[in-house]
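Residue numbers (the numbering used here): 3 to 1170. Remarks on the structure that follows.
Written out as structure tokens, the structure is:
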């Protein structure tokens, strides 16, 4: 018998509580049992326990009623068998994070320099007072000042400590947020169990051994179990075994169900036999305990290499965490997917390139500063003044050299945008927190920012664009097309009986319609919404489905063909009770089921022959009009068998059906969707609908939503037409063909999950159009997994989505609503803009500070901005500025511009104009003060001051004016598109206001009371007012700059580009190639290009060699053979021929393998 049922022990309806610890079998026995597979497991159960019932009896549970749910009993089970919880890795302690922050190279150089400076300041040689050492010892006013040389070194160390603590605190709070988010995802994951005979949903962590769990299509199994009863159950065990084939489960052949595996088809009930660390995944996780940390170290090392270590880790539920650990070891495929996920964050790749460029420039400047200072000093002291290097002068000269080194390092510190990773982290973390309120649960941080660049959204129809509250509104029964639900009396009683039985039995028994929780509210549909609509029809016909289900319990169903995307129908077989034979009820998409109907019930309830011409007429007169009203059409049918057929031969069984009726189900468009879609279109985002529905229904809904607009040249295709247009004669997808279809395609109907994946991959890989596309996809079904993974941003449905879809996604829509996607776009664009604002501000500070320190050092042998002051400006102010600018709330105005896309530079021309324009103003002011400040303010000059001299008013004013200009420029930086009103919406961001005021207050404290450590001396009120006046000048200057039209400034370069187009082919190749592993991917750009150059030369030499000798095997080509094999496995369905102009196929394969990423000239894997 195909259906698997276990009889339940009589009388044991609810397990009584037994206070003995012994449950009749121990944890170890159950663990050993779960390690067996298929036949071995069946014989072991028969030998030791008799059958599954025996295990149920020993675990004191009932296969029908489940556990009693008594808290004492549950507690006892927790004690005996453990909890269904796998403890996460211990978070890093604060001290570990401090230690990590101390690894920063620039900070280490500063620490060393400061310690040397500190050491030398306590060392007073005899020769200090004598003039033979030159100006080195002159100008010290009193003994107290001479003793204060240690202050600068100590102040630098103190600043370093503050920086380290701030960084560590940020990492710690980020980790805390990750954990919070993770626990939120865990709490959301619930599973269906039977307790006290009631079907209830409980959090996964509360499942205990002995629970009876209901499993269905799309579930991720949360614990190990043994099958009690199953219908057509198929499991994907690839996460544990690595085998991609689905495993059929049945009581006779293989009843063992393992945690972390996915239900791909069918439904059933299982007895939970192992939870938490005792389950199969838990055991693997325990084994990985030690290995996981090493792996993490490797990843960490690779990650921090590029200067911007954004720890964006995938956040998963308990099962996800351990399955990821497991897969890291077992499945290289998985690892590759994760790597490419990290690689492709648009912002990250741009920032990394920019940070490396800035870092190099800073390094050159700081090296030049040190060299010029040392040369100047040496020439001045030993050349012009002609002094000797004597032993007693050595410490003093060394002190000078240390001072020069500190100035050089300070220039480097200022040049490197330390605040940048912080700004990115703060901006993303802030956005993620706020997006929760907008029903977006972000699982991968970078998805939030990628969404801002989205150029296309491929959306499901049901539940996302529509309300997923389905109701039957039309029906065709007994040769009559009813435009509204008919009265029961109008239908032939026999037909009505068949219809009600068919709907009640041929649907998941977990699908129900419950009464409303509020008085006068709508009834609550539970389970599959289409089935709920059909059950609603039964209720509208004044009948009840529950008594029929009670009469035919699930155990009595003989065979169930569950719904899947290939069948697009569901059938249930019953054994006739009155005599021999079987009856099968079917339901499914009308055009598919009608094609299999040979009979139809007429008005009198008699079946008559249903020919092809009758079917065509029915499609024309009934189904198409229903579909044009935007209705989903479902056909309900049946078939009687006199003898038992071969149940595995589906084609013969699902044939010769008798049509009972066709119903039209309405799923109204969500009222807010048309507005959301028009916002997307205004924002330059193309919305495409990808649905399994019939093309007329899809077109009607797309028109209502505004995806299809009257008078526009867009196309709607069905899955099969789409495939005909994009595949060649060999059935392979060709990118060129796809490029002709996708730009105009707006609706893809009757599509399979493979079609969805092909479309998404094709759009992402396409290079037609001005910019490369960034694609977001929504999905809810198990089969949407590949498309969700492939997309730049995958949205899974929080309510209707299966666990598999959620696992593959980047963002979970907790309300399944399309408008939440538009909110995600807004937040994504806001993140991007926030980081651009911060860059605009940061780079102005950097340019000015570096130039001032460099020229000042070259002309006056001393930086006008001292090391500690620079650290305050750069690190502390940048930290605060990143907080201020990264927390700007988004506005609707963000949706009025087109997306930036992958290739648009991070720093636009307008921003470059602002950066350079403000830098000019600040440099003019600073140099005027530096060389003429003493005259303007009538004070002593601070230039050419000897070592350890007290702070001067002159240099304090320069420092103060510099900070004031940055403070007011921070307000300018709020706008990056050349807007005039920089104060617009400032009151909506209290963080910004408090940061600006707070920085101002701190500056007053530093100047008035900072004294020697900050090289400051107190200023008068007049001097303060002048400093503030010059700072306010920044706002006026900003107005002047925004008045200059950017398009005239063609000479301005943009910076921070994405990946150039010519590199795209290579970038894509790395996705599948084993040869380029994680570390190589994270290597500096220059090294990768160097390797590529070598590889290209090698490839060309191989090709030439092959031409000359006619041989096909080439040593260079053989060496990288595995990478192409893995590449082809990666894209089973979509490989395209490698275009090499040589007839030998083996040669073209070889030339493709010879280099990791080959030259476009030698081979281009367009379709791959």
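Cβ coordinates follow ideal geometry from the N, Cα and C atoms, glycine included.
Practice prompt. Give the range of the alpha helix (DSSP H) segment to which residue 503 is assigned.
Written response: 495-507
Item to complete: Could you check the C-alpha separation between residue 710 and residue 796 for me, to the nearest Å?
Response: 23 Å
Item to complete: Consult DSSP for residue 954 and reduce its assignment to one of helix, strand or coil.
Response: coil
Worksheet item: Grouping DSSP H, G and I as helix and E and B as strand, with all else coil, what is residue 280?
Response: helix
Fill in: Within the segment 15-83, ranges of the alpha helix (DSSP H) (whole runs, at least 4 residues)
29-36, 40-51, 54-60, 73-83
Practice prompt. Could you pull out every residue in the same chain whose Cβ sits closer than 6 Å to the Cβ of residue 817, ignoring the five residues on either side in sequence?
Written response: 441
Fill in: Segment limits, alpha helix (DSSP H) that includes residue 448
447-452
Item to complete: Using beta-carbon positions only, say whether residue 568 and residue 696 come within less than 9 Å of one another.
Response: no
Fill in: Status (buried if at least 16 other CB within 10 Å, exposed otherwise) for residue 1141
Its pLDDT being 39, under 50, residue 1141 is placed unreliably by the model, and nothing is read from it.
Discussion item. Assuming residue 1052 is part of the alpha helix (DSSP H), what are its boundary residues?
Written reply: No alpha helix (DSSP H) contains residue 1052, which DSSP labels as neither H nor E.
Practice prompt. For residue 800, collect the residues of the same chain with a Cβ closer than 6 Å to its Cβ; drop the 5 residues on either side in sequence, then sort them by chain order.
Written response: 814, 815, 816
Practice prompt. Between the Cα of residue 1041 and those of 201, 541, 451, 980, spot the shortest distance and give me the residue it belongs to.
Written response: 980
Discussion item. Here's a check: name, in chain order, each residue in its chain whose Cβ is nearer than 6 Å to the Cβ of residue 720, leaving out the five neighbours to either side.
Written reply: 697, 751, 752
Item to complete: Specify the secondary structure class of residue 580 as computed by DSSP and reduced to three states.
Response: coil
Fill in: Burial state of residue 651, where buried means 16 or more other Cβ atoms lie within 10 Å
exposed
Worksheet item: From this set, 169, 91, 454, which residue's C-alpha is nearest residue 775's C-alpha?
Response: 454
Worksheet item: Where do the ends of the beta strand (DSSP E) carrying residue 801 lie?
Response: Per DSSP, residue 801 belongs to no beta strand (DSSP E) and is neither H nor E.
Worksheet item: Looking at the unbroken alpha helix (DSSP H) that takes in residue 699, where does it start and where does it end?
Response: 697-707
Worksheet item: By how many angstroms is the C-alpha of residue 747 removed from the C-alpha of residue 686?
Response: 16 Å
Worksheet item: Does DSSP classify residue 716 as helix, strand or coil?
Response: coil
Worksheet item: Around the Cβ of residue 65, are there at least 16 other Cβ atoms within 10 angstroms (buried) or fewer (exposed)?
Response: buried
Worksheet item: Rounded to a whole number of angstroms, what is the C-alpha to C-alpha distance between residue 29 and residue 47?
Response: 15 Å
Item to complete: Go ahead and label residue 578 buried or exposed: buried means 16 or more other beta carbons lie within 10 angstroms of its beta carbon, across all protein chains shown.
Response: exposed
Practice prompt. Quick one: measure Cβ to Cβ for residue 605 and residue 494, integer angstroms, because I've assumed they're closer than 8 Å.
Written response: 7 Å
Item to complete: Return the first residue and the last residue of the beta strand (DSSP E) that residue 195 is part of.
Response: 192-197
Practice prompt. Scan the segment 860-899 and note each continuous alpha helix (DSSP H) run of 4 residues or more that stays entirely inside, going in chain order.
Written response: 869-873, 879-887
Practice prompt. May I ask you to report which of helix, strand or coil DSSP gives residue 986?
Written response: coil
Item to complete: Compare the beta carbon distance of residue 969 and residue 1033 with 9 Å and say whether it is the shorter of the two.
Response: yes
Item to complete: Report the three-state DSSP secondary structure of residue 104 (helix, strand or coil).
Response: coil
Discussion item. Can you give me the C-alpha to C-alpha distance between residue 177 and residue 923, rounded to a whole angstrom?
Written reply: 41 Å
Discussion item. Give me, in chain order, the residues of the same chain whose beta-carbon lies closer than 6 Å to that of residue 374; leave out the 5 immediate sequence neighbours on both sides.
Written reply: 860
Worksheet item: For the 8 Å Cβ check, are there 3 or more pairs between the segment 54-73 and the segment 190-206?
Response: yes
Discussion item. Rounded to the nearest angstrom, what separates residue 1069 and residue 356 at their Cα positions?
Written reply: Low local confidence applies: a pLDDT of 41 at residue 1069 is under 50, so the model's placement there is unreliable, and no value is given.
Practice prompt. Take residue 636 as the anchor and find which of 646, 621, 386, 645 has the nearest alpha-carbon.
Written response: 621
Discussion item. Determine whether the beta carbon atoms of residue 984 and residue 976 lie at a separation below 9 Å.
Written reply: yes
Practice prompt. Rounded to whole angstroms, what's the CA-CA distance from residue 898 to residue 828? Just pull it up for me.
Written response: 10 Å
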